[in-house]
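A.B. asks: So the sequence shown is numbered by this note's numbering: it starts at 87 and just counts up by one. C-beta: ideal position from N, C-alpha, C; glycine also. One structure follows; several queries about it will come next.
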Amino acid sequence: MRTTLTSDDNVAAKLREQVRKSGNSLKVVVKDALCVGLNASEPKKARKRFVVRARPVGLPAGMLYDNVGDLLDQLDGLLRQ
């Protein structure tokens, strides 16, 4: 399809800069920019929800989660034995 494109000065400057950097023609640069812009507006697919499942840790008898500092001290003592 052949058409006339009217753009703002800042858009035209960006297009000219991209032509210079890429070495492609203005036609190719405009087509690529339009494709990127049009594809970006497509709705994204819903991602599968990430679920964390809790598991029992299996603390030795007498150890509680109530005080983390005490728990770490007790576990440290067990590891040093």
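Where does residue 93 sit, in a helix, a strand or coil, going by DSSP?
C.D. replies: Residue state, collapsed to three classes: coil.
A.B. asks: Please tell me whether residue 157 and residue 164 are closer than 8 Å, where the distance is taken between their beta carbons.
C.D. replies: Result no, Cβ atoms of residue 157 and residue 164 do not sit closer than 8 Å.
A.B. asks: Figure out for me which residue from 125, 116, 136 has the closest Cα to the Cα of residue 103.
C.D. replies: 116
A.B. asks: How would you write the range of the alpha helix (DSSP H) that residue 119 sits in, first residue to last?
C.D. replies: 112-126
A.B. asks: Look up residue 152 in the DSSP assignment and say whether it is helix, strand or coil.
C.D. replies: coil
A.B. asks: Please work out which residues of its chain come closer than 8 Å, Cβ to Cβ, to residue 101, disregarding the five sequence neighbours upstream and downstream, and give them in chain order.
C.D. replies: The answer, listed in chain order, is 93, 112, 115, 116, 119.
A.B. asks: Mapping DSSP to helix, strand and coil, what is residue 163?
C.D. replies: helix
A.B. asks: Could you give the distance in angstroms between the alpha-carbon of residue 138 and the alpha-carbon of residue 146?
C.D. replies: Approximately 24 Å between the Cα atoms of the pair.
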